[in-house]
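Written below as structure tokens is the structure these notes are about.
Number of protein chains: 2
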Amino acid sequence: MRRAIVMVVLVLGGLAGLPSAQEAGHDGKWDAQLRTLPDAGRIRESIRRMSARPHHVGSPYGKEVADWIVAEFRSYGWQAEIETFDVLFPTPKERVLELVEPTTYRAHLDEPPVAADPTSGQTAEQLPTYNAYSRDGDVTGPLVYVNYGRPQDYEVLERYGVSVKGAIVIARYGMSWRGIKPKVAAEKGAVGCIIYSDPREDGYFQGEVFPKGPMRPPRGVQRGSVMDLPTYPGDPLTPGVGATAVAKRLEVADAPTLTKIPVLPISYADAQPLLAAIEGRTVPTDWRGALPITYRFGPGPAKAHLKLAFNWDIKRLHNVIAKIPGSTYPDEWIVRGNHHDAWVNGAEDPASGMAAVLEEARAMGELLKRGWKPKRTIVYAGWDGEEPALLGSTEWVEQHDADLRAHAVAYINTDGTGRGTLDAGGSHSLEALVNAVARDVDDPEAGISVWKRLQASRISEGHEEDRKTARERKDLRIDALGSGSDFTPFLQHNGVPTLSLAFGGEDEGGIYHSIYDDFFWYSQFSDRDFVYGRALAQTVGSIVMRLADADLLPFEFTAVAERADAYTKELQKLLETKQKEIAERNRQIDDGVFAAIDDPRQPLVTPKREDVPPAINFAPLLNAATRIEQAAARYQKARDAAGPRLASNLEVVRTVNALLIQSERQLLDPAGLPGRPWYRHLLYAPGYYTGYAVKTMPGVREGIEQKKYAEAESEIVRVAAALDRESALITKAADALEGVR
Amino acid sequence: MRRAIVMVVLVLGGLAGLPSAQEAGHDGKWDAQLRTLPDAGRIRESIRRMSARPHHVGSPYGKEVADWIVAEFRSYGWQAEIETFDVLFPTPKERVLELVEPTTYRAHLDEPPVAADPTSGQTAEQLPTYNAYSRDGDVTGPLVYVNYGRPQDYEVLERYGVSVKGAIVIARYGMSWRGIKPKVAAEKGAVGCIIYSDPREDGYFQGEVFPKGPMRPPRGVQRGSVMDLPTYPGDPLTPGVGATAVAKRLEVADAPTLTKIPVLPISYADAQPLLAAIEGRTVPTDWRGALPITYRFGPGPAKAHLKLAFNWDIKRLHNVIAKIPGSTYPDEWIVRGNHHDAWVNGAEDPASGMAAVLEEARAMGELLKRGWKPKRTIVYAGWDGEEPALLGSTEWVEQHDADLRAHAVAYINTDGTGRGTLDAGGSHSLEALVNAVARDVDDPEAGISVWKRLQASRISEGHEEDRKTARERKDLRIDALGSGSDFTPFLQHNGVPTLSLAFGGEDEGGIYHSIYDDFFWYSQFSDRDFVYGRALAQTVGSIVMRLADADLLPFEFTAVAERADAYTKELQKLLETKQKEIAERNRQIDDGVFAAIDDPRQPLVTPKREDVPPAINFAPLLNAATRIEQAAARYQKARDAAGPRLASNLEVVRTVNALLIQSERQLLDPAGLPGRPWYRHLLYAPGYYTGYAVKTMPGVREGIEQKKYAEAESEIVRVAAALDRESALITKAADALEGVR
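These protein sequence lines are chains A and B, in that order.
Quick note on numbering: the first sequence equals residues 34 to 774 in the numbering used here.
Quick note on numbering: the second sequence equals residues 34 to 774 in the numbering used here.
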């Protein structure tokens with residue numbers, strides 16, 4: 034049947050000036066038509082419209098934006114509704130940060146409006162600078178500088194003999210999700226946590242500051258959530274269930290994902306007097322930022338007072354849910370979303386991504402008028418409350434858990450986007466699909482396809498092995514997903530095959546989560562022609578349509594199998610490296626090397642002897658990886674062989690699709706990951722101590738990293754079992770396809 | 034005979050409380066006695082005495098210091114004289130640096146006295162801040178920031194489409210010898226060069242600044258020579274001959290080693306307004322320093338005016354030459370030196386090293402009184418004019434070229450020294466000797482030998498292969514020498530086996546070549562107990578005495594052979610890497626990768642296609658390396674076998690020693706290196722574009738680096754021939770030893 038369609042397109046294309054079959058690719062005419070429709074001017078106008086005023090959770094303009102999105106969807110011919118949830122969303126009541134010794138300084142804790150920037154002065158509607166889900170607190174203590182505040186930074190502190198017990202730590206933003214910083218600080222005994230934006234990361238060190246340039250000005254502050262997202266995202270009071278009016282709620286005091294200590298983000302203008310007052314040893318080179326001071330560890334003599342109190346209110350979320358019902362398989366859903374809430378005006382985050390969503394929706398509405406009937410149901414979502422911690426998406430997924438398990442084919446996410454190459458992450462079963470679409474979308478700058486440009490950038494930036502892969506492998510690899518946007522509940526809680534997409538890499542910025550992330554900034558310093566917004570709508574729109582219209586769902590498993598094997602080998606290597614490192618360190622301890630090299634004027638604490646990690650049985654994983662490789666190859670072969678005959682075997686297609694829809698679910702385990710049952714995917718999770726960055730085969734990997742070797746070994750068995758479930762399903766699908774004559 | 038001595042020592046040691054034979058090592062009692070004599074208090078006093086006032090070339094106190102050193106030597110029982118040379122030494126007449134557009138700023142160009150520091154206020158005697166051997170000039174041009182000003186930095190500028198033609202470049206100190214910066218800038222068409230001390234390198238980024246800490250204060254300036262030292266060091270007017278009264282001199286205008294453009298060093302306080310006024314593209318991350326600004330390329334709009342005029346005077350150098358005549362082999366000289374001139378007060382550079390020299394000399398004087406009679410002549414030197422460009426040592430070596438070729442057994446150099454591990458570089462034929470001595474000297478902090486501590490630091494800092502070598506190889510490797518101190522003429526012009534030694538690594542400082550390198554700084558922030566000064570005297574004194582007293586000179590050639598093989602393999606690898614890189618880049622150019630990834634808002638210039646380097650015949654070197662390995666092994670075996678019988682075969686010893694003395698000379702070629710005939714050593718030279726840092730097998734290596742592949746190939750033949758000469762000499766020595774019955 035597909036071949037037949039291609040023939041028709043060829044004729045129609047010739048007649049009506051539509052793209053030729055070759056240009057449209059093998060997926061037919063409709064998605065090629067879609068790619069002609071997104072309009073940069075409309076993207077510009079949507080971004081301007083949504084970012085015109087601050088629109089955080091619970092704000093008047095937030096509700097207005099949601100209503101406007103609903104109206105837009107409806108105007109395009111979609112069904113659209115608002116679905117609400119009621120969630121805990123704290124906002125600041127009192128914020129005090131002051132240096133009390135040896136000199137005094139009171140932090141400004143605000144971002145000055147900029148004359149040239151028309152929305153920066155909307156102070157009445159702006160949320161103050163704060164970290165959401167910090168506890169209340171009133172603490173005083175010596176300051177200790179802890180670099181990025183990651184576990185490995187505390188290992189350095191230990192070597193230098195610096196304790197944070199009773200201290201207020203000051204950490205710089207970057208290198209880990211911000212919520213990790215107070216989490217680790219509290220584990221180590223700190224009583225408070227300050228997070229600041231060092232100019233090294235996104236201030237003058239990186240480029241000219243706003244408003245003359247795109248980087249963070251001295252008083253710019255990064256707001257953001259510090260909830261313990263790697264334990265579970267979403268409403269802290271309703272883990273695992275939708276935060277409906279009737280949901281059973283935890284007491285705020287019992288919510289496990291709030292921070293254990295008060296935490297506050299500050300600007301580098303506010304940080305400099307604090308950091309300059311810290312004495313003690315000079316920190317190592319890679320701990321030093323770009324302020325014109327000597328960075329030192331402390332503790333003290335600088336002493337700070339941090340006082341924070343919040344309104345612990347329940348606020349209403351407004352998720353926009355829009356639909357086009359499927360014509361053939363209405364119970365198979367393609368879900369696609371982007372959040373609409375912002376910390377302040379949020380032109381980049383999230384309006385730039387939400388504008389693409391709207392252009393896709395408008396284009397599909399146009400195609401409906403032209404006669405397009407998607408086979409599957411398309412569900413478009415505008416999530417509320419992403420910024421505080423994926424609230425809208427998480428509550429929706431929790432609320433519709435059973436339906437999603439039965440019906441969801443895939444989830445495609447976007448968030449803020451910019452100019453440059455395609456950044457694609459997600460389930461490796463969708464790798465071939467995203468590659469196919471990227472070959473059909475034009476890069477707005479380079480006069481080549483998005484795929485070709487991405488390939489060129491992989492060749493240019495990669496090492497020898499990466500270059501070879503980029504040149505010779507059929508598809509460009511996509512990244513595994515950790516967290517940081519609304520895909521998390523779909524992929525890691527519910528097992529929906531997921532993609533997350535954006536363009537980027539060509540513009541740097543320092544306005545993230547500040548009042549300066551607004552239309553003035555975006556239209557000067559990011560995708561100012563809005564052509565990458567259009568490319569994003571073309572890319573995601575095409576993916577959605579191919580998923581919605583395909584007879585046989587375009588899933589492939591060879592990339593999944595390849596990753597399973599690669600992750601296993603990485604883990605073996607990780608263990609081996611740990612074994613070698615610890616054995617070497619023990620040897621150096623035994624040989625007195627640490628004592629011998631110690632500088633008595635700058636002494637270091639000799640590390641303690643540690644047991645060398647034991648050998649671990651990787652055989653179950655290695656065998657499972659082999660089996661899934663065989664199953665994936667068989668499926669691929671059967672699919673290719675059956676190809677032309679599938680049109681006359683739609684019952685087989687239906688059977689196989691039903692299996693494919695359940696394929697990602699095989700990788701879940703209802704028991705979840707060790708210590709965090711909400712996360713049920715055994716291949717991908719945000720790291721418990723990274724927050725956003727992915728840990729693949731997280732149970733095994735974090736077992737090794739956290740020195741729980743027995744746990745790592747039992748996790749190997751669980752991951753192997755998940756891969757075997759997947760292999761069995763793929764084999765069943767292959768069996769069905771092999772039956773096609 | 035050696036065994037017999039040991040027996041005697043054992044008895045005497047027991048009687049007189051001297052160190053036991055075991056403690057004294059196999060080299061007998063005298064050097065063990067020497068190690069008991071250097072005194073930290075005297076080192077302190079010598080440093081204080083020499084650094085009490087500024088004592089640069091031609092200064093009144095410079096002469097006083099030389100006279101004082103002569104008197105000290107004489108008081109210890111040495112013969113000592115001053116030997117003078119008359120050299121070109123420019124000093125500033127006029128220095129103007131000003132920003133003239135878009136705003137104006139006039140640079141201070143001075144270093145403020147610090148109240149706590151008693152010598153920092155001796156302004157009348159201080160040399161102004163300048164770079165010696167800069168041309169006169171009066172230029173105005175746009176500023177371009179060129180990072181460290183190395184050739185590879187200009188490759189980056191080219192990619193960014195930035196030209197320095199007609200510009201004044203501003204380069205930061207570091208990563209290359211300072212004289213390279215104006216040299217490359219002039220080659221690229223710049224009209225002036227400013228060099229500044231970025232706080233990233235030795236200012237607040239590294240630690241607390243002076244006087245509270247050891248690092249460079251905002252207005253501290255690094256003086257220094259910018260002569261084209263890789264062409265030839267020493268007096269620019271008398272290349273190759275001693276600058277005596279009667280020497281034929283070049284006209285100043287014809288001196289090839291003066292800079293081609295005016296160059297001036299400045300502080301970071303003076304640099305900041307200049308750098309902040311530069312616009313254009315932001316530089317790459319590794320180009321950015323620690324000033325609180327955005328570093329940009331320019332050119333302009335910042336425009337600077339640089340005006341420099343110098344007094345082109347001939348100044349008199351005062352080398353101190355002291356001697357103890359040898360009792361048995363008076364015509365075999367052990368030469369040892371350190372410079373005594375400083376840029377200003379120079380407590381670290383050079384007084385800390387010169388103080389060790391004096392303690393060695395005093396200790397040897399004491400041993401003479403106790404009856405010690407060195408077999409060979411010991412020559413101790415206090416060089417003048419090292420700072421401007423190794424003037425005193427170079428002129429002395431050139432003047433005594435024939436004598437040194439006939440008589441010099443070895444040259445041992447020191448310069449500034451500090452606290453930490455032993456830093457040893459030099460001829461690999463002396464590697465075993467320096468290791469043996471390091472085993473016999475106590476580290477003042479760690480309670481273990483200097484050798485053990487160095488081994489521990491190699492184990493601690495090294496990668497797997499280095500750790501293995503440090504643990505398992507008999508000796509710790511010593512570095513090859515480039516330039517940067519007075520060893521250069523001995524090793525690279527004259528072919529004297531050379532060592533250069535210092536302690537360091539534990540204290541950082543930012544006072545190099547400033548008025549703050551003085552006793553106040555040194556006694557607070559460096560070897561303040563002066564115990565490493567003592568350790569240095571113990572180490573070098575022991576080396577000198579073992580060389581002076583040995584029957585058979587303690588030369589070994591296995592390390593030389595090992596290095597010959599290692600350098601050859603490095604060069605093969607270097608060529609292979611270049612071939613791969615250029616082939617890959619050509620492929621990317623052909624495939625349009627550069628065009629594909631280009632950001633139209635931040636375009637880069639696509640590099641030009643280049644010919645892939647041809648294969649080169651390394652066989653002569655590989656074969657020569659094999660031959661020298663065999664010869665060295667044979668020599669070692671013959672020496673070990675002959676050992677006890679040598680005492681009764683002193684004629685053989687004499688024959689072998691005569692060969693050994695000529696061994697390093699075999700590695701010279703009278704034609705010198707390509708384009709720089711003054712440098713005659715074919716294994717070690719300072720890089721033509723690094724200045725201090727060594728290039729081993731420089732003719733071959735720089736041929737490959739500079740894409741002169743035919744030259745590299747013919748240099749291989751020359752280096753192989755030098756190694757073969759060395760092999761023949763070693764074989765002759767082995768033959769002689771094998772004849773011992």
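All C-beta atoms, glycine included, are put in the ideal place defined by N, C-alpha and C.
message: 8 Å is my cut-off, CB to CB: does Gly705/A come that close to chain B?
response: As a working note, residue 705/A is residue 672 in the first sequence. By this cut-off, Gly705/A is not an interface position.
message: Here's the rule: buried if 16 or more other CB atoms are within 10 angstroms of the residue's CB, otherwise exposed. What is His496/A?
response: As a working mapping, residue 496/A is identified with position 463 in the first sequence. When all chains shown are included, His496/A counts as exposed.
query: Less than 8 Å separating the beta-carbons of Asp551/B and Asn378/B?
result: On the second sequence, residue 551/B is found 518 positions in, with the first residue counted as 1. On the second sequence, residue 378/B is found 345 positions in, with the first residue counted as 1. Against a cut-off of 8 Å, the Cβ pair of Asn378/B and Asp551/B comes out as a contact.
message: Beta carbons nearer than 8 Å to chain B: which residues of the segment 300-327 of chain A have them?
response: So the close ones are Thr315, Arg321, Ala323, Leu324, Pro325, Ile326, Thr327.
query: What separation, rounded to the nearest whole angstrom, lies between the Cα atoms of Ala157/A and Ser696/A?
result: Locating residue 157/A in the first sequence gives position 124, counting from the first residue. Locating residue 696/A in the first sequence gives position 663, counting from the first residue. Those two C-alpha atoms are separated by around 49 Å.
In DSSP terms, what Thr264/A is bridged to: Translated into the one-based positions of the first sequence, residue 264/A becomes position 231. DSSP, once it has assigned bridges, lists no residue as partnering Thr264/A.
For Leu654/B and Ala753/B, believed in contact at Cβ under 8 Å, the rounded distance: Taking the first residue of the second sequence as 1, we reach residue 753/B at position 720. Taking the first residue of the second sequence as 1, we reach residue 654/B at position 621. The pair is a contact, with the Cβ atoms about 5 Å apart (cut-off 8 Å).
message: Please state whether the Cβ-Cβ distance between Leu692/B and Ala766/B is less than 8 Å.
response: Mapped onto the second sequence, residue 692/B falls at position 659. Mapped onto the second sequence, residue 766/B falls at position 733. Contact: yes.
field: Rounded separation between Gly542/A and Val179/B - CA only
entry: Mapped onto the first sequence, residue 542/A falls at position 509. Mapped onto the second sequence, residue 179/B falls at position 146. Going by the C-alpha atoms only, they are around 25 Å apart.
Within 8 Å, strictly: CB atoms of His546/B and Arg256/B: To locate residue 546/B, count along the second sequence from 1; it is residue 513. To locate residue 256/B, count along the second sequence from 1; it is residue 223. Result yes, Cβ atoms of His546/B and Arg256/B sit closer than 8 Å.
task: Give the straight-line distance between the Cα atoms of Arg249/B and Gly313/A, rounded to the nearest whole angstrom.
output: Here residue 249/B corresponds to residue number 216 of the second sequence, with the count starting at 1. Here residue 313/A corresponds to residue number 280 of the first sequence, with the count starting at 1. Between Arg249/B and Gly313/A, the C-alpha separation is close to 19 Å.
- prompt: For Gln55/A, which residues from the same chain have a beta carbon less than 6 Å from its beta carbon, with the 5 sequence-adjacent residues on both sides left out?
  reply: The sequence position of residue 55/A within the first sequence is 22, counting from 1. Unreliable placement is indicated for Gln55/A, whose pLDDT of 36 sits below 50; the coordinate value is still reported in the next sentence. Excluding positions up to five away in sequence, the list is empty.
message: Does Glu643/B come out as helix, strand or coil in the three-state DSSP assignment?
response: Residue mapping note: residue 643/B aligns to position 610 of the second sequence, counting from 1. Residue state, collapsed to three classes: coil.
message: Using beta carbons (cut-off 8 Å, strictly below), is Gln612/B in contact with chain A?
response: Looking up residue 612/B in the second sequence gives position 579. Not an interface residue.
message: Within 8 Å of any Cβ in chain C, is that where the Cβ of Arg486/A sits?
response: Within the model displayed, chain C is absent; protein chains A and B are what it includes.
task: Within 10 angstroms of the Cβ of Asp417/A, are there 16 or more other Cβ atoms? Answer buried if so, exposed if not.
output: Within the first sequence, residue 417/A is the residue found at index 384, counting from 1. Buried.
Between the CA atoms of Leu683/B and Arg758/B - distance to the nearest angstrom: The residue you call residue 758/B lines up with position 725 of the second sequence. The residue you call residue 683/B lines up with position 650 of the second sequence. Counting only the Cα atoms, Leu683/B lies some 25 Å from Arg758/B.
field: Assigned exposure category for Arg634/B - 16 Cβ within 10 Å defines buried
entry: Within the second sequence, numbered from 1, the residue matching residue 634/B stands at position 601. Exposed is the call here.
query: Is Gln635/A helix, strand or coil when you go by DSSP?
result: Mapped onto the first sequence, residue 635/A falls at position 602. Looking at Gln635/A - three-state DSSP - the assignment turns out to be strand.
query: Is it the case that the Cβ atoms of Ile367/A and Leu401/A are separated by a distance below 8 Å?
result: Within the first sequence, residue 367/A is the residue found at index 334, counting from 1. Within the first sequence, residue 401/A is the residue found at index 368, counting from 1. Contact: no.
query: Residue range of the beta strand (DSSP E) that Val296/B falls in?
result: By one-based count along the second sequence, residue 296/B stands at place 263. Element bounds for Val296/B: 296-299.
- prompt: Touch check for the segment 625-645 of chain A and the segment 550-567 of chain A: three-plus C-beta pairs under 8 Å?
  reply: Result no; under three Cβ-Cβ pairs closer than 8 Å.
query: Using a Cβ-Cβ distance under 8 Å, would Tyr181/B count as near chain A?
result: Within the second sequence, residue 181/B is the residue found at index 148, counting from 1. Chain A contact via Cβ: absent.
task: Verify the CB distance criterion: does Gly542/B have a CB-CB separation below 8 Å to chain A?
output: The sequence position of residue 542/B within the second sequence is 509, counting from 1. With 8 Å as the cut-off, Gly542/B does not count as an interface residue toward chain A.
- request: Determine the chain B residues that contact Gly240/A at a beta-carbon separation under 8 Å, and present them in chain order.
  value: Within the first sequence, the letter at position 207 stands for residue 240/A. Here the neighbours are Thr315, Thr327.
- request: Would you be able to state if there are at least three C-beta pairs under 8 Å between the segment 137-148 of chain A and the segment 285-305 of chain A?
  value: yes
message: Distance check for Ala675/A and Gly528/A, CA to CA, integer angstroms please.
response: Within the first sequence, residue 528/A is the residue found at index 495, counting from 1. Within the first sequence, residue 675/A is the residue found at index 642, counting from 1. If I take the Cα positions, the gap works out to 28 Å.
- request: Would you identify the three-state DSSP class for Val242/A, choosing helix, strand or coil?
  value: The residue labelled residue 242/A in the question sits at position 209 within the first sequence. If DSSP states are grouped into helix, strand and coil, Val242/A belongs with the strands.
query: Do the CB positions of Tyr163/B and Pro125/B come within less than 8 Å of each other?
result: Taking the first residue of the second sequence as position 1, residue 163/B is located at position 130. Taking the first residue of the second sequence as position 1, residue 125/B is located at position 92. Result yes, Cβ atoms of Tyr163/B and Pro125/B sit closer than 8 Å.
Nearest-angstrom beta carbon gap, Val353/A and Ile102/A [assumed within contact, 8 Å]: As a position in the first sequence, residue 102/A is number 69, starting the count at 1. As a position in the first sequence, residue 353/A is number 320, starting the count at 1. Right, the Cβ-Cβ distance comes to about 5 Å (below 8 Å), so this counts as a contact.
query: Looking at the C-beta of Ser385/A, does it have a partner C-beta in chain B at a distance below 8 Å?
result: What you label residue 385/A is simply residue 352 of the first sequence in a count that begins at 1. No, no contact with chain B.
task: Determine the direct distance from the alpha carbon of Tyr742/A to that of Val42/B, and round the result to whole angstroms.
output: One-based indexing of the second sequence puts residue 42/B at position 9. One-based indexing of the first sequence puts residue 742/A at position 709. Caution is warranted here: a pLDDT of 32 is assigned to Val42/B, below 50, making its placement in the model unreliable, and the coordinate value is therefore given only provisionally. So the alpha carbons of these two residues sit roughly 60 Å apart.
field: 8 Å Cβ cutoff, Ile481/A in contact with chain B
entry: Working through the first sequence from its first residue, we reach residue 481/A at position 448. Interface residue, yes.
- request: Consult DSSP for Gln112/A and reduce its assignment to one of helix, strand or coil.
  value: Within the first sequence, the letter at position 79 stands for residue 112/A. Reduced to three states, the DSSP call for Gln112/A is strand.
task: Consult DSSP for Arg709/B and reduce its assignment to one of helix, strand or coil.
output: In the second sequence, the residue the question calls residue 709/B occupies position 676. For Arg709/B, the secondary structure class from DSSP, reduced to helix, strand or coil, is strand.
field: Spatially closest choice to Lys214/A from Leu762/A, Thr723/A, Pro731/A, Thr764/A, by CA coordinates
entry: On the first sequence, residue 214/A is found 181 positions in, with the first residue counted as 1. Residue Thr723/A is the option with its Cα nearest to Lys214/A.
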